[in-house]
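Remarks on the structure that follows.
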Amino acid sequence: DFNSFIPYKNKSSIFKWENDLKDNVALWRRILLCLSGVAAFINVLYVVLVIRGKFSSYFWGVIGAIIYGAFSFAYGYVGDAQLYALFFLPMQFIGIYMWSKELDNQSTTRVKSLKWSGWIVVILLSIGLGVVFFYEIPAFAKLLTSQYFFESSLLPHILDASTNAISVVAQFLLILCYWEQYILWLITNIMAIIMYSGLIRTDLDINLLVVWIMLSINSIVGLYTWFNRRRNLDGTARV
Numbered sequence: 001d002f003n004s005f006i007p008y009k010n011k012s013s014i015f016k017w018e019n020d021l022k023d024n025v026a027l028w029r030r031i032l033l034c035l036s037g038v039a040a041f042i043n044v045l046y047v048v049l050v051i052r053g054k055f056s057s058y059f060w061g062v063i064g065a066i067i068y069g070a071f072s073f074a075y076g077y078v079g080d081a082q083l084y085a086l087f088f089l090p091m092q093f094i095g096i097y098m099w100s101k102e103l104d105n106q107s108t109t110r111v112k113s114l115k116w117s118g119w120i121v122v123i124l125l126s127i128g129l130g131v132v133f134f135y136e137i138p139a140f141a142k143l144l145t146s147q148y149f150f151e152s153s154l155l156p157h158i159l160d161a162s163t164n165a166i167s168v169v170a171q172f173l174l175i176l177c178y179w180e181q182y183i184l185w186l187i188t189n190i191m192a193i194i195m196y197s198g199l200i201r202t203d204l205d206i207n208l209l210v211v212w213i214m215l216s217i218n219s220i221v222g223l224y225t226w227f228n229r230r231r232n233l234d235g236t237a238r239v
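Using UniProt numbering, read the sequence shown as starting at 1 and increasing by one per residue.
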């Protein structure tokens, strides 16, 4: 638990299990916490395989979405909970079907590039979903936990809705094999870093901050890799 290094957090141990035990967190939630570590490893593996364009990534994506979705529900991370359990999970199966039609002879997906008309759709869809999530996430949070963390904070509320909206659009670009997905993933990760950095009247959460920084690095690597793969395909086509 990296938050143990923050004086005002009053955490007695660097192990979150012990801190949750002290805070009387239910056993089943603490078990899911342990499994979330497994989910973190699986999701990193999933991201690496997606960067490499490997069809096998979806096998790990299904497992990671189930475990992390359950953990998010247990610990009240409502936005992540519905995103992973209710959206990312079924999208893995759609991705399996879509990528199966785009594989080369090395079981690696081909890479596409958006046209300007595609970017217009991406922007409009992101804005529209952002408006929907602005009202839906608080309602869903209150239904599950009777509270919403960012109820009285407008900017974190907007960022919370925006990260979910852009993540949904990015996932569609992923299953459709567009390299521009990584631009959206990077934007989402930067927004999340701002949310959990303590800079906008939200609590500093080093645990989540470390996760999102790592995902940002992965997004940069993915952007570089997929962009170059697309450029190489264009060069081959011209030859």
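From the three backbone atoms N, C-alpha and C, an ideal C-beta is built for every residue, glycine too. Note that the structure is predicted; figures quoted are calculated from it, not measured.
Of all the options the options, which has the alpha carbon lying nearest to the alpha carbon of residue i?
i: Asp-80; options: Tyr-182, Ile-166, Ser-113; result: Ile-166
i: Ile-183; options: Ile-220, Leu-125, Leu-176; result: Ile-220
i: Gly-222; options: Leu-204, Ala-74, Ile-51; result: Ile-51
i: Glu-136; options: Glu-180, Leu-114, Lys-112, Leu-83; result: Leu-83
i: Asn-232; options: Ser-113, Val-47, Pro-138; result: Ser-113
i: Thr-225; options: Gln-181, Gly-198, Ile-206; result: Gln-181
i: Phe-172; options: Ala-74, Val-44, Phe-93; result: Phe-93
i: Leu-215; options: Leu-204, Trp-119, Ile-190; result: Ile-190
i: Leu-159; options: Tyr-58, Pro-138, Trp-119, Gly-37; result: Pro-138
i: Tyr-58; options: Tyr-75, Ser-100, Arg-230, Leu-144; result: Ser-100
i: Val-132; options: Ile-123, Ala-161, Val-210; result: Ala-161
i: Leu-86; options: Leu-103, Glu-102, Gly-118, Ile-66; result: Ile-66
i: Leu-45; options: Trp-60, Gly-37, Val-122; result: Trp-60
i: residue 302; options: Asn-43, Phe-41, Tyr-75, Gly-37; result: With the chain running from 1 to 239 in the structure shown, residue 302 is simply not present.
i: Asn-218; options: Asn-43, Leu-103, Leu-208; result: Asn-43
Report all residues from its chain with a CB closer than 6 Å to the CB of residue i; omit the five preceding and five following residues, and keep chain order.
i: Thr-188; result: Thr-163, Ile-166, Ser-167
i: Leu-155; result: Ile-200
i: Phe-5; result: Residue confidence is low: Phe-5 scores 46 on pLDDT, short of 50, so the model does not pin down where it sits. Its coordinate-derived value is still stated next. Excluding residues within five positions, none has a Cβ falling inside 6 Å.
i: Leu-124; result: none
Please report how far the alpha carbon of residue i lies from the alpha carbon of residue j, in whole angstroms.
i: Lys-54; j: Leu-186; result: 20 Å
i: Met-195; j: Phe-150; result: 10 Å
i: Trp-212; j: Ile-193; result: 6 Å
i: Phe-73; j: Ser-146; result: 13 Å
i: Ser-126; j: Lys-115; result: 17 Å
i: Phe-227; j: Tyr-178; result: 9 Å
i: Trp-119; j: Val-169; result: 11 Å
i: Asp-205; j: Ser-197; result: 7 Å
i: Val-47; j: Val-122; result: 22 Å
i: Gly-128; j: Ser-117; result: 17 Å
i: Leu-49; j: Phe-41; result: 12 Å
Does the beta-carbon distance from residue i to residue j come in below 8 Å?
i: Thr-39; j: Tyr-77; result: For the record, residue 39 in the displayed sequence is Ala; it is not Thr. Contact flag unset, no.
i: Phe-140; j: His-157; result: no
i: Phe-71; j: Leu-33; result: yes
i: Met-91; j: Leu-176; result: no
i: Gly-64; j: Leu-174; result: no
i: Arg-230; j: Val-111; result: yes
i: Thr-108; j: Ser-153; result: no
Using a Cβ-based criterion (distance less than 7 Å to any ligand heavy atom), does residue i qualify as near the ligand SAM?
i: Gly-61; result: Inclusion of the ligand SAM in the displayed structure is not the case, the ligand content being empty and no account of it being possible.
Take residue i and list the residues in its own chain whose beta-carbon comes closer than 7 Å to its own, dropping the five residues that flank it on each side.
i: Gly-130; result: Ala-161, Ser-162, Ala-165
i: Leu-35; result: Ile-67, Phe-71
For residue i, which residues from the same chain have a beta carbon less than 8 Å from its beta carbon, with the 5 sequence-adjacent residues on both sides left out?
i: Lys-142; result: Tyr-148
i: residue 252; result: Limits of the chain in this structure are 1 at one end and 239 at the other, which puts residue 252 out of reach.
Quick one: which unbroken alpha helix (DSSP H) runs of 4-plus residues sit fully inside the region 151-179? Chain order, please.
-> 154-175, all fully within the region 151-179.
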